[in-house]
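In what follows, a single structure is set out as structure tokens and then discussed.
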Amino acid sequence: MSQVCYYQAIEDVYERLVQNVQKANNDSEKTFDADSPDYWVFHSPYNKLVQKSYGRLFLMDARRRFADRDEKKESDSDPLAEWVDKPIEETHYDKVLEKVLKTVSAQSYEKRFKDSNSASIKIGNTYTASVFLGLASLIDIAGSSGELSPGKTVALFSYGSGALATMYCLHV
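The sequence shown runs 174 to 345 under our numbering.
As structure tokens, then:
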């Protein structure tokens, strides 16, 4: 149940972030999606949950893409087509979907989380400080290598035991 609470929180705040970014961009043609930020930092109780949850952002993106299309979803070659019309609650325990999401998001996950997850992988959950430890890890690693440079975007997901969650972007 704890994992589902985390999923529900991230899905909710992600959809609101996407809407807010679109409004800020005057609803331009360029859409915000899981690949838009250069880096992500998630509240990290354990790394596997971070990876699974990031994959769920790809499902949310697919649901938005399909909602905007007129063509039949079943004929689409998108690996997530099977799940876009299912009620979101039915997808939370779907192990087949979990594997597909891990595959679909793997490359992006490696690129966008490697530095921010480094410290939490080494020391574990720091609870309240988790997202800020991830940000410090990102600044330390990507910042010292020169990768975290002006113009880059960092998206953060902060979560508080199912009670509160927020997602926001920082622009370097």
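Cβ atoms here follow ideal geometry from the backbone N, Cα and C, with glycine treated the same way.
query: DSSP state of A207 mapped onto helix, strand, coil; result: coil
query: DSSP-derived helix/strand/coil call for G297; result: coil
query: Beta-carbon spacing of A235, L253 below 7 Å; result: yes
query: Beta bridge counterpart(s) of S138 as assigned by DSSP; result: With the chain covering 174 to 345 only, the question about residue 138 has no answer from this structure.
query: Residue ranges of each beta strand (DSSP E) within the region 185-235, 3 or longer; result: 212-215
query: Boundaries of the beta strand (DSSP E) in which A338 is found, first to last residue; result: L337 to H344
query: 6 Å Cβ shell around E320 - same chain, five flanking residues per side excluded; result: none
query: Nearest-angstrom beta carbon gap, A292 and S310 [assumed within contact, 8 Å]; result: 4 Å
query: Counterpart residues of V327 in DSSP-defined beta bridges; result: Y212 and L343
query: Spatial distance of L220 from L190 (CA atoms); result: Reading the sequence as shown, one finds Asn at residue 220 and not Leu. Each residue's Cα considered, the two are about 23 Å apart.
query: Distance cut-off 6 Å: A315 Cβ against heavy atoms of the ligand COA; result: Within the structure as shown, the ligand COA is missing, as the structure has no ligands at all.
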